[in-house]
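One structure is given here, and the rest of the page talks about it.
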Amino acid sequence: MGISTITAGRIRKGQVNGQLGEDHNTEMEQFFNLGLAKTYNIDHQTPDSAATATAFLCGVKAQLGTVGLDGRGIRNNCPSSIGTHVDSILDWAQKLGKKVGIITTARITHATPAAAYAHVPERNWESFDGRNFNATHATEGCTDIAHQLAARTPPIDLLLGGGRQFFYPTTTFDIEYPSKRGSRIDNRSLIEELWKGKYIWNMTEMNKFELGSSQPLLGLFEPSHMRYELNRSQSNDDEPSLSRMTEFAIEHFLKSEKGFMLLIEGGRIDHAHHDTQPRNALDEFVEFDNAVGQAKRTLQAKGALDDTLIVVTADHSHVFTMGAYSSRGSNILGFGSLESMNISNIDQLPVNIIAYGNGPNFNSPRNATYFNSLNTNSTDYRAPAALPLSVETHGGEDVAVYAHGPWSHLFIGTYEQHTIAHKMAYAACLGAYETRDGCSKASSPRLISKSLLVFFFLFSFFDAFLHTTNK
């Protein structure tokens, strides 16, 4: 989620609420401590989500496509991953007895959430599917991401997202969609074999779960990624929103006396951008920001907001732009104006406010027939792209970091992305900073962040840490 997405998302959210949009204030923008993170990978100027998630969760920069490895790990090279594993801030928190959890609208085995618990040289090794991860990799000593998650000891306390197909064999039909099957060719049902806790697949079951229970909870609500929020909200599917999962997780973890670390990802913002679908991307941003607001309200109601460090950031940006000299209040999904006219002074046709630097809609026609039939408010609408690619790429510029709570001033300035993990760990007395000055039990509670919330959406996290993701 780059700054252009935040700006356009702010306008979209304001307009959805009946405002002009430009002067709307999002939930995350109400955090006063703000910085910029440099997102490049060790080997790439423009990054991917696997290496960026490894940076902000594990505290080291990594090579593109690698998950939970230091810089010696080489993409798709199993032997290079041996001896290069790095722990994440989730590991550091769990070792001190804090509750830890991951929420995502993407697959729970996708690049960003995987960096919190897995160690693989290839982000696409989500399952033993025979295509991405195969018997050769297993013989070399590597394990797929789903297997690592299910077999983890101790288990992660709370996991909510999509991707249940990767935990079941090809002979198993999906519980919700009878025409779909699992993806594993090793004939293993990982949840039944390895998962040391309760498993659910719908919101009804989630709502029945006992808050504060010591039993680990795994909720997988779709075979692959969860549905786009607009589709979810207009259907009768028993699938929770990001806001509802956020509220549930915080209420559950606030029962813990030692605090918690929660990673929350609005992963589908990224997916919509890759498809150059601005309606889906911005509506996913709106729901992501709603989740930030829900987190603040839930923590405030329980008297825990001042003891929780909330960090909202992105792993990377996209080549997403907005412009066209549009007038105040113009539909952000629509057309701009040039000298008070909604047409180009070159070909006398409409000028889109939103466009992409590259992507699949590079060859859309520019003629009256096309524009007369165009509905830019449709979820299927693809904005124009300048350069021809089948999938839009990430952007390479810095991303914003918003922070609130104890030690949130550490996030002011411009810094390397991997220092985010160290700033959070310092604030919460985790990992290498467990014994820093001020971390003793006799210290003032205000010197320590009891909980971490990371909102990441392509950018999203929570201890309370919030974040979003990459395709």
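Numbering follows the working numbering, in which position 44 of the sequence shown is assigned residue number 673; successive positions increment by one, without gaps. C-beta atoms are modelled at their ideal positions from N, C-alpha and C, and glycine is treated no differently.
Assignment of F882 by DSSP, reduced to helix, strand and coil, places it in the helix class.
By alpha-carbon distance to T636, the top candidate from D1027, I961, A920 is I961. Relative to the Cα of P845, the nearest Cα in the group H854, P852, M835 belongs to M835. Note on geometry: alpha-carbon atoms of G697 and P994 lie some 44 Å from one another.
Spatial neighbours of P852 in its own chain (CB-CB distance under 7 Å, excluding positions within 5 residues in sequence) are listed in chain order as R793, Q794, D803, Y806, K809.
Distance from the CA of R908 to the CA of T1064, rounded to the nearest whole angstrom, comes to 47 Å. Excluding the 5 residues flanking it on each side, L1039 has same chain C-beta neighbours closer than 6 Å at K1052, in chain order. Taking a C-beta distance under 7 Å as the contact criterion, A1032 and N662 qualify as a contact pair. Look at H714 here: in three-state DSSP terms it is strand. In the three-state reduction of the DSSP assignment, L693 falls in the coil class.
The shortest CA-to-CA distance from I982 to any of T950, F877, G712 is the one to T950.
In this structure, the straight-line span from the alpha carbon of R897 to that of G1060 is close to 31 Å.
In the structure shown, the three-state DSSP call for N1006 is coil. Between the region 719–727 and the region 755–767 there are fewer than three C-beta pairs closer than 8 Å, too few to call the two in contact. Taking 7 Å as the cut-off, the beta carbon of M890 is found closer than this to the beta carbon of L719. The Cβ atoms of A679 and T668 do not sit closer than 7 Å to each other.
For T765, there is no enclosing beta strand (DSSP E); the residue is part of the alpha helix (DSSP H) that begins and ends at 764–768. Around the Cβ of G958, a 10 Å sphere holds fewer than 16 other Cβ atoms; the residue is exposed. For V948, the closest of I893, N971, V1020 by C-alpha to C-alpha distance is V1020.
In this model, T942 and T800 are separated by some 40 Å (Cα to Cα). According to the DSSP secondary-structure assignment, H1033 is paired through a beta bridge with I939. Under the DSSP definition of a beta bridge, P1017 partners with G988. When DSSP states are grouped into helix, strand and coil, F964 belongs to the strand group. Contact between the region 913–932 and the region 861–875 is present, with at least three C-beta pairs closer than 8 Å. For T927, the enclosing alpha helix (DSSP H) begins and ends at 907–930. For P750, the closest of Y985, H714, R736 by C-alpha to C-alpha distance is H714. When rounded, the separation of the alpha-carbon atoms in K931 and F882 is 11 Å. Residues of the same chain with a CB within less than 7 Å of the CB of A682, apart from the 5 flanking positions on each side, are A740, T741, A744, D944 in chain order. Exclusion of the five residues before and after T833 leaves D867 as the residues of its chain whose Cβ lies within less than 8 Å of its Cβ. Contact annotation: the region 638–654 does not touch the region 1008–1022, with fewer than three C-beta pairs closer than 8 Å. Counting only the Cα atoms, I731 lies some 11 Å from G895. Y828 places its beta carbon 7 Å or farther from that of R781.
Assigned with DSSP and collapsed to three states, E876 falls in helix. Where N662 is concerned, the enclosing beta strand (DSSP E) starts and stops at 662–667. The residues T733, I737, in chain order, have a CB closer than 6 Å to that of G790 in the same chain once the five nearest residues on each side in sequence are set aside. With a contact defined as Cβ atoms closer than 8 Å, H1047 and S946 miss out at about 17 Å.
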